[in-house]
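These notes concern the structure reproduced below.
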Amino acid sequence: MREATGIDIIKLEVIGDAAKTLYPDVIETIKACEVLKKDGFTIMAYTSDDPIIAKKLEDAGADAIMPLAAPIGSGLGIQNPYNIAFIKDAVNVPVIVDAGLGCASDAAAAMELGAEGILANTAIAQASNPMMMAEAFKHAVIAGRLGYKAGRIPKKPYATASSPIDGLIQF
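For the sequence shown, position 165 matches number 392 in the working numbering, and the numbering has no gaps at all.
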């Protein structure tokens with residue numbers, strides 16, 4: 228492809244369990260990443276949602292980390308949001324949440340966690356109305372990114388008045 232088009236971007240996806248989960252073989256992915264980087268490719272590495280592996284992929288030359296949200300095509304959404312956030316903290320390259328998103332709100336959640344993007348296929352392709360679902364994903368990605376950039380309020384176990392209570396007269 229590179230010789231024909233000059234495009235050197237590649238999504239690196241080494242599947243370890245093709246029969247059932249389509250989970251990536253992270254050890255072989257790291258090895259392949261090193262080889263492809265030496266050949267000058269720009270690599271987007273599909274991987275598990277493990278922040279240690281994500282860092283190892285970055286160290287091996289990955290230009291973007293693509294952790295799965297859930298098994299490919301499952302539509303289960305983000306199974307471990309903490310790991311996506313941990314990956315964001317662990318690496319300095321873009322994080323693109325890939326695999327397992329099922330609806331637009333899953334895309335918004337990924338973006339709210341700080342992902343730079345998402346990759347969706349099955350959720351759109353198998354929707355009753357794929358064009359409408361694609362539009363929903365578009366708006367969800369925009370809303371989620373804006374929400375992330377705006378800065379979420381901290382979660383607290385108890386209520387906090389949103390109006391000032393100084394000078395409040397109680398009877």
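Yeah, the Cβ is synthetic: ideal placement off N, Cα and C, and Gly gets one too.
It should be emphasised that the depicted structure is a prediction, and the values quoted were computed from it without experimental measurement.
Could you check whether residue j and residue i sit closer than 8 Å to each other, using their CB atoms as the reference points?
{"i": "ILE311", "j": "PHE268", "result": "no"}
{"i": "TYR375", "j": "GLU339", "result": "yes"}
{"i": "LEU295", "j": "CYS260", "result": "no"}
{"i": "ILE323", "j": "ILE345", "result": "yes"}
{"i": "ILE305", "j": "ASP333", "result": "yes"}
{"i": "ILE351", "j": "GLY327", "result": "no"}
{"i": "ALA367", "j": "MET360", "result": "no"}
{"i": "TYR273", "j": "ASP316", "result": "no"}
{"i": "ALA281", "j": "VAL318", "result": "yes"}
So if DSSP puts residue i in a beta bridge, which residue, or which two residues, is it bridged to?
{"i": "LYS238", "result": "MET271"}
{"i": "MET293", "result": "TYR273"}
{"i": "ILE345", "result": "VAL324"}
{"i": "PRO251", "result": "ILE242"}
Kindly give me the distance between the Cβ atoms of residue i and residue j, rounded to whole angstroms, as I take these residues to be in contact under 8 Å.
{"i": "ASP290", "j": "ILE270", "result": "5 Å"}
Quick check: what's the CA-CA separation for residue i versus residue j?
{"i": "ILE257", "j": "SER301", "result": "25 Å"}
{"i": "LEU264", "j": "THR387", "result": "This sequence places Lys at residue 264; Leu is not what is there. Between LYS264 and THR387, the C-alpha separation is close to 51 Å."}
{"i": "GLY243", "j": "SER390", "result": "54 Å"}
{"i": "LYS365", "j": "ILE279", "result": "30 Å"}
{"i": "ALA337", "j": "GLY233", "result": "31 Å"}
{"i": "GLY329", "j": "ALA363", "result": "12 Å"}
{"i": "ARG372", "j": "ALA331", "result": "13 Å"}
{"i": "PRO308", "j": "LYS382", "result": "15 Å"}
{"i": "ARG379", "j": "GLY288", "result": "32 Å"}
{"i": "THR349", "j": "ARG229", "result": "27 Å"}
{"i": "LEU303", "j": "ASN356", "result": "19 Å"}
{"i": "ALA246", "j": "ASP286", "result": "30 Å"}
Cβ contact (3+ pairs, closer than 8 Å) linking the stretch 304-318 and the stretch 234-254: no
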